[in-house]
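Protein chains in written order, with the working numbering: chain A, 605 to 863; chain B, 605 to 863.
The beta carbon of each residue, even a glycine, is placed where N, CA and C say it ideally should be.
The structure under discussion appears below in the form of structure tokens.
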DNA sequence: GAGTGGATTTCGCAT
DNA sequence: ATGCGAAGTCCACTC
């Protein structure tokens, strides 16, 4: 019998009855559980699904999230986001693991008739997570280094609300013309262009004079180039990586002025 | 020593050296692996991230997908979709597990200094997965039972391409007027309305006469109701569940005519 | 609590 | 390969 204080307790080929006890205990102590065995799954809620028997990995986390993973695929085949209530019950030598969510009302039930492994985990994890090169990073980079757009560009505001939504950056060019900047961290598609067009139209109708629209992205989808030209919008190539590099320079401190 | 044919082989608290051997062997045999231990993670690719040390669950699947899960959250903190090449190497008593992707060029490296559990899996999973109440189900339900839209409605085509994209359903009402139907499986927001508006505009400009636009969804976002009216579009309440029920009736066979 | 938009979105389908 | 849109998307943030 492994010590109760080990971060990982493992039970191999437990009987269904034994598994139920271990899992019930794990749930009541808010442990993270890993179950591997032969199972089938029903889901009812926003949609509904039925997964027929097979061997899978089930993870029940401390925060009430549930994942059912097959041996292929990035995504779980069934799941439930955090906040579920877990239940484990025995019915005719079948173990039922339920994850119940209130809003929206949803249930995932996993039925096991054979468990190869039940593991009870107590993981200590306080490590920080830092992500770079997001769209937000691109915005910050442009705000600290407006010449990335073009010489003489001066940001006025960012995340400014106009009727259709929020403009990423709004500013003035070297000629004093108004400029709306729309940022995308990956290849810009039709949607990005139409979004920018709506912002430009909206600003134009308010100020009643010329407004430039500049789409900033690492690249632009092929068919969309024409749409961009038709709408008299402009494109400026800029990659999230380049932006991340700029932000990693000492001058990031300039940013603080904006916050 | 567990049999090589067991679907689940478990190694508890292996040394780093031993773990490397097990993992290398698992990779070369295309097994699914579960690693639990103290690790830190670097990611470089479309974006970049750094995860500082902590105890986590790592899954390496047969198809080359990688998941790094913390003890909370539905989503993995780091990951790589299927198609990666895995490597396991030892550097100064630290185990490096690498997942390398070619297109886009990306790398996730997980560094372990302590492993509590290494499990090598050989899961048999041929169970079918069936999902109900998707947007596609709603489309099918309307095609088999057009009166769901309104009495006298007759679908003409579906997934028909017009300039802005694909119309979900296109048909004719009891008065002979053209109708564009846009389907959403959940509360319709601004985007859905604008999408429908573009389709209606596009068809109108082609046929040069009145075209109705009907948004089909379980409900409509509050502020969006006004937008809908402004654009002279209509709304028809219909839930994916109701559609799924209709499809579960024996008459589904009518559907085959469409396929 | 609802609405809005981003995401290392992933995934599937069509061109 | 690329483009496009859905997803049981999830998630963070605002109102």
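CB contact flag (residue i, residue j, <7 angstroms)
i	j	result
residue 776 (chain A)	residue 764 (chain A)	no
residue 614 (chain B)	residue 616 (chain A)	yes
residue 720 (chain B)	residue 640 (chain B)	yes
residue 794 (chain B)	residue 815 (chain B)	no
residue 634 (chain A)	residue 666 (chain A)	yes
residue 724 (chain B)	residue 671 (chain B)	no
residue 731 (chain B)	residue 658 (chain A)	yes
residue 842 (chain A)	residue 820 (chain A)	yes
residue 818 (chain A)	residue 785 (chain A)	yes
residue 844 (chain B)	residue 771 (chain B)	no
residue 709 (chain A)	residue 850 (chain A)	no
residue 753 (chain A)	residue 840 (chain A)	yes
residue 846 (chain B)	residue 734 (chain A)	no
residue 680 (chain A)	residue 669 (chain A)	no
residue 726 (chain B)	residue 611 (chain B)	yes
residue 806 (chain B)	residue 854 (chain B)	no
residue 618 (chain A)	residue 722 (chain A)	yes
residue 801 (chain B)	residue 835 (chain B)	yes
Assumed close pair residue i, residue j - CB separation to whole angstroms, cut-off 8 angstroms
i	j	result
residue 736 (chain A)	residue 649 (chain B)	About 11 angstroms; that fails the 8 angstroms criterion.
residue 774 (chain A)	residue 797 (chain A)	Not a contact, Cβ separation roughly 17 angstroms.
residue 698 (chain B)	residue 645 (chain B)	So it is not a contact: roughly 13 angstroms between Cβ atoms.
residue 848 (chain A)	residue 825 (chain A)	Actually they are not in contact, since the Cβ atoms of residue 848 (chain A) and residue 825 (chain A) sit about 23 angstroms apart, beyond 8 angstroms.
residue 682 (chain A)	residue 647 (chain A)	5 angstroms
residue 718 (chain A)	residue 642 (chain A)	4 angstroms
residue 663 (chain A)	residue 673 (chain B)	7 angstroms
residue 790 (chain B)	residue 822 (chain B)	6 angstroms
Coil, strand or helix - residue i by DSSP
i	result
residue 850 (chain A)	helix
residue 682 (chain B)	strand
residue 833 (chain B)	helix
residue 814 (chain A)	coil
residue 775 (chain A)	strand
residue 826 (chain B)	helix
residue 808 (chain A)	helix
residue 705 (chain B)	strand
residue 840 (chain A)	strand
residue 607 (chain A)	For residue 607 (chain A), the pLDDT reaches just 49, beneath the cut-off of 50, and the residue's location in the model is therefore unreliable, although a value from the coordinates is still provided. Three-state DSSP puts residue 607 (chain A) in coil, outside helix and strand.
residue 863 (chain B)	For residue 863 (chain B), the predicted model reports a pLDDT of 48, less than 50, meaning its position is unreliable; a value from the coordinates is still stated below. Of the three classes helix, strand and coil, the one that applies to residue 863 (chain B) here is coil, per DSSP.
Using a Cβ-Cβ cut-off of less than 8 angstroms, give me the residues of the region 717-750 of chain A that come near chain B, in sequence order.
720, 721, 723, 725, 727, 728, 729, 730, 731, 732, 733, 734, 735, 736, 737, 738
Going along the region 658-683 of chain B in order, which residues come within less than 8 angstroms of chain A, judged by CB to CB distance?
658, 659, 660, 661, 663, 665, 666, 667, 669, 671, 673, 674, 675, 676, 677, 678, 681, 683
Tell me which residues of the region 808-832 of chain A have at least one Cβ-Cβ distance to chain B shorter than 7 angstroms, keeping chain order.
none
Report the start-end ranges of each beta strand (DSSP E) in the region 708-771 of chain B that is 3 residues or longer and not cut off at the edges.
710-725, 733-736, 758-766
Contiguous beta strand (DSSP E) assignments of at least 3 residues, all confined to the region 623-701 of chain A
636-648, 652-664, 670-673, 682-684, 689-695
What residues in the region 792-804 of chain B bring their beta carbon closer than 7 angstroms to a beta carbon of chain A?
none
Going along the chain, which residues of the region 621-650 of chain A sit with their C-beta nearer than 8 angstroms to a C-beta in chain B?
636, 638, 640, 644, 650
Taking beta-carbon pairs under 7 angstroms, can you tell me which members of the region 689-714 of chain B lie near chain A?
none
Compile a chain-ordered list of the residues in the region 831-848 of chain A whose CB is closer than 9 angstroms to at least one CB of chain B.
844, 845, 848
Members of the region 753-773 of chain B near chain A, C-beta cut-off 7 angstroms:
none
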